[in-house]
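Beneath this line is the structure, given in C-alpha cells, with notes to follow.
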Amino acid sequence: PLIKKALDAGGLKAADLATVAVSLGPGSWTGLRIGISAAKALAWGAGTAVLGVPSFEALALEAGLHAPQHARLVVRDARSEGFFVALFSETLEQPQRWIEECVLRAPELPARVQQALAAFPGIPLALCGDRVCLDELADTAQKNGWMLLRDCEHISAASVAECGWKRLSKNEGLKTAAEIHKLSPLYLRASDPELKLKQRLAQPGS
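Just so it is clear: in the sequence shown, position 75 is 60 by our numbering, and no numbers are missing.
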C-alpha cells in the first residue's frame, strides 16, 4: 500500500519506473530481507530493473550534505561484535571507499581510521550513524578533531534513490529474472542467534 501511495502521489504506474533502487545493508536481518523481497517483486511485476544500493553509501551521501568537503565515517551498531564501519572520501559525485564495509571492535577503530586518513592529509572527518555508536565514540572524536553529525542517523529513501540514479546513469542494474533473483543483502557478520549458538557450542561440556 505504501508503494502504491507513493506512485499515485507522483502520477505514476509501476510500469513507468526505469528501475527500482533498494537498500542492501548492512542493517536489520529481517528488515533487509523484507525490503529486498519487496523490491524484487515490484521489479518483476513491473518488468523493470532493480538496483542494490549499499546502505552506507546512501548514508554517506546524506552526511555529505551536512558536512561538505569532509570524509565520512559511517558507523552502525554491530552489538557484541563492535561496529559496522565504512569510510568514504569527501567527494560526493564519485566517492571512494577508504575503508570498505567491515566490522571493527571499538579499540581497533581509531587506529584503522587514522591509518586510512594519513594517505589524505588535510581532509577533515565527519561521523554519522547510530546514536549509540556516536555516543561511544564521542571522546575519540573530540580527541582527534572529528565532527559528530548527530542529526544524520537514518537513511532517507531520497538518498537511496539518488545513489540508484547515479548507478543507473552508469548503465548498472539487474534486468533478467535470474539476475534479480540473485540480489541478496549485504551481511557483514552472522546473525545474533547464530552468534549465540556459536558461543554456546564453544562452552566446555557443550
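All C-beta atoms, glycine included, are put in the ideal place defined by N, C-alpha and C.
* Asked: Whose C-beta lies closer than 7 Å to the C-beta of R174 among residues of the same chain, with five residues either side of it excluded?
  -> Residue 174 sits at position 189 when you count from the first residue of the sequence shown. Excluding residues within five positions, the ones whose Cβ falls inside 7 Å are A63, E66, V88.
* Asked: What is the DSSP secondary structure of D62, reduced to helix, strand or coil?
  -> On the sequence shown, residue 62 is found 77 positions in, with the first residue counted as 1. Strand, per DSSP.
* To do: Return the first residue and the last residue of the beta strand (DSSP E) that E93 is part of.
  => Position 108 of the sequence shown holds residue 93. Counting along the chain, E93 sits inside no beta strand (DSSP E), nor does DSSP assign it H or E at all.
* Indicate the three-state DSSP secondary structure (helix, strand or coil) for T125 in the structure shown. => Sequence index remark: in the sequence shown, residue 125 carries index 140 (1-based). Note: T125 maps to helix in three-state DSSP.
* When DSSP labels each residue in this structure, what does I108 get in the three-state scheme? -> Your numbering for residue 108 matches position 123 in the sequence shown. Looking at I108 - three-state DSSP - the assignment turns out to be coil, as it is neither helix nor strand.
* Asked: Of all Cβ atoms in chain C, is any one closer than 7 Å to the Cβ of L17?
  -> This model lacks chain C altogether, as it is built from one protein chain only.
* **Three CB pairs or more closer than 8 Å across the segment 111 to 129 and the segment -2 to 11** => At 8 Å Cβ cutoff, the stretches do not touch.
* Asked: How do the segment 147 to 157 and the segment 33 to 47 stand: do at least 3 beta-carbon pairs fall below 8 Å, yes or no?
  -> The segment 147 to 157, when compared against the segment 33 to 47, does touch it at the 8 Å Cβ threshold.
* **Boundaries of the alpha helix (DSSP H) in which V141 is found, first to last residue** => By 1-based counting over the sequence shown, the position of residue 141 is 156. The displayed chain sequence assigns Ser, not Val, to residue 141. DSSP places S141 outside any alpha helix (DSSP H), giving it a letter other than H or E.
* How big is the Cα-Cα spacing for R18 and R57? -> Mapped onto the sequence shown, residue 18 falls at position 33. Mapped onto the sequence shown, residue 57 falls at position 72. Between R18 and R57, the C-alpha separation is close to 27 Å.
* Taking the beta strand (DSSP E) that G37 falls in, what are its first and last residues? -> The sequence position of residue 37 within the sequence shown is 52, counting from 1. Secondary structure note for G37: its beta strand (DSSP E) is the uninterrupted segment 34 to 38.
* **Proximity test, T4 beta-carbon vs the ligand COA heavy atom, cut-off 6 Å** => For the structure depicted, the ligand COA is absent and the ligand set is empty, with no information on it obtainable.
* Asked: Just reading off the beta strand (DSSP E) that T4 is part of, what are its end residues?
  -> The residue you call residue 4 lines up with position 19 of the sequence shown. In the DSSP assignment, T4 falls within the unbroken beta strand (DSSP E) covering 4 to 8.
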